[in-house]
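Novice: Using our numbering, count along the sequence shown one by one with no gaps and you end on 904. Pasting a structure below so you can have a look.
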Amino acid sequence: MRIPEPRGPISGTLFNVLAGAPAGPAEPLAGLRELTLNRLAETADIIGDDDAQLALFCLYELHYSGLDGVTDEWEWDAGLIQVRQALEKPFEAALRAVAGDAAGELDLPAAADLTSDAVADVLFGLAGRDTGPSVSRYVARKASLDQLKEFLIHKSVYQLKEADPHTWAIPRLSGRAKAALVEIQADEYGGGRPDRMHSALFARTMRGLGMDDSYGAYVDAVPAVSLAAVNLMSLCGLNRRLRGAIIGHLAIYEMTSSQPNRFYGNGFRRHGFDAGVTHYFDEHVEADAVHEQIAGRDLAGGLVEAEPELLDDVLFGATAVMAIDAKLSAHLLGSWESGRSSLRSAVPAAA
């Protein structure tokens, strides 16, 4: 991915550091960490902080496709990991706060009754409580062509590498939960056919609207909350201690996906687009109707049956994604219903 434009002192200094080599003097990294800590001490809302979220997004990207012109030797540099942790700790604390608000009062089974079915019932109950603003219904009924393009821009930050953050969990699971995750991910990766990978289907949708489908092409355009949604996945996927959270995240993702994707597809059909554009959404209507049962019972339920102590983290991942998605939905609908672009004002609208 090309390096985006910096959004403040943290990201700007980070990009300057990454232009060099890890074997250089330690002072720049120490200065970056101190700058990060000082800057975050003044930040009231790290989830909505453009500078912090962009820096964290790019630090995580070193573990995915890398950054253009940045040596791969930076990936596990101890000093740079300390900078990442300086961003991760307050970000996780903020996520736990909003997740707690989203969870409310949960009726949880007793420890002795934590069967896979009982865990799935809790998660399905959470998914059914998702009464936030509906972007999918707006897309189906009202969204203009420009708003459809904006919608794809926000989604592209994750969808063009769909499944990768959740795949980190595979070597961290065993037994029933591991088998369930592999089954879901095999579908996400097209069952071995590159053209059927969900990321490839999404890229095809973007091309159908005349958009740039290269990974990271629109990172400069999206606000902090769109980056935070992806950073949540990377935080949980890359930290083994949060393996329960990434599983809860995926379970809720699958449980709340089928019907919205039906609406999304209808919104694009309303504008005259054919199956070449809507295939991505139509595929998820069918696939996620199956995946939600596997994710709820075999994946999340199987994990908690095997490791009951991970229930709290499973619920954290599930409620955190609901809370962040609600923030992003409120941003999109608030912008569109006011006649404004949902993209950052400093960035031109998509072609």
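Idealized CB from N, CA, C, for every residue including glycine.
(1) Hey, out of P578, L567, L705 and L676, whose CA is closest to L640's CA?
(2) Measuring CB atoms only, is the segment 555-573 touching the segment 764-774, in the sense that at least three cross pairs come out at less than 8 Å?
(3) Taking the alpha-carbon of M915 as reference, which of W721, M808, L788 and L705 has the nearest alpha-carbon?
(4) Measure the Cβ-Cβ separation of D766 and M759 and say whether it is below 7 Å.
(5) How would you call P813, buried or exposed, if buried means at least 16 neighbouring beta carbons within 10 angstroms?
(6) Suppose the cutoff is 7 Å on Cβ atoms and the five residues either side in sequence are ignored; what does the same chain contact list for E715 look like?
(7) Give the range of the alpha helix (DSSP H) segment to which H824 is assigned.
(8) Output the residue ranges of the alpha helix (DSSP H) runs that lie fully inside the segment 841-878 and measure 4 residues or longer, sorted by chain position.
(9) Hey, could you find the ends of the alpha helix (DSSP H) I563 is sitting in?
(10) What are the complete beta strand (DSSP E) segments, minimum 3 residues, inside the segment 568-633?
(11) Using the rule of at least 16 other Cβ atoms within 10 Å of the residue's Cβ for burial, across every protein chain shown, is I563 buried or exposed?
(12) Hey, how far is the Cα of L620 from the Cα of V570?
(13) Can you grab the Cα-Cα spacing for the pair R682 / E862, in whole Å?
(14) Flag this pair as yes or no: are the beta carbons of V778 and K880 separated by less than 7 Å?
(15) Looking at the structure shown, is D717 part of a helix, part of a strand, or coil, going by DSSP?
(16) Classify A904 as buried or exposed, calling it buried when 16 or more other Cβ atoms lie within 10 Å of its own Cβ.
(17) Report yes if the CB atom of A739 is closer than 7 Å to the CB atom of L856, and no otherwise.
(18) May I ask you to report which of helix, strand or coil DSSP gives D654?
(19) Where Q635 and S787 are concerned, what is the direct C-alpha to C-alpha distance, given to the nearest angstrom?
Specialist: The relevant details are as follows:
(1) L567
(2) yes
(3) Residue coverage of the chain in this structure runs from 554 to 904, which leaves residue 915 outside it and unanswerable.
(4) In terms of Cβ geometry, D766 and M759 form a close pair [threshold 7 Å].
(5) Buried is the call here.
(6) E741, H751, S752 and F755
(7) No alpha helix (DSSP H) contains H824, which DSSP labels as neither H nor E.
(8) 855-859, all fully within the segment 841-878.
(9) Counting along the chain, the alpha helix (DSSP H) containing I563 begins and ends at P562 to L571.
(10) As far as the segment 568-633 is concerned, it has no whole beta strand (DSSP E) run of at least 3 residues.
(11) buried
(12) 13 Å
(13) Rounded to whole angstroms, R682 to E862 spans 24 Å at the Cα level.
(14) In contact: V778 and K880 (Cβ atoms closer than 7 Å).
(15) helix
(16) Any reading at A904 is ruled out, since the residue's pLDDT is 47, under 50, leaving its predicted position unreliable.
(17) no
(18) helix
(19) About 16 Å.
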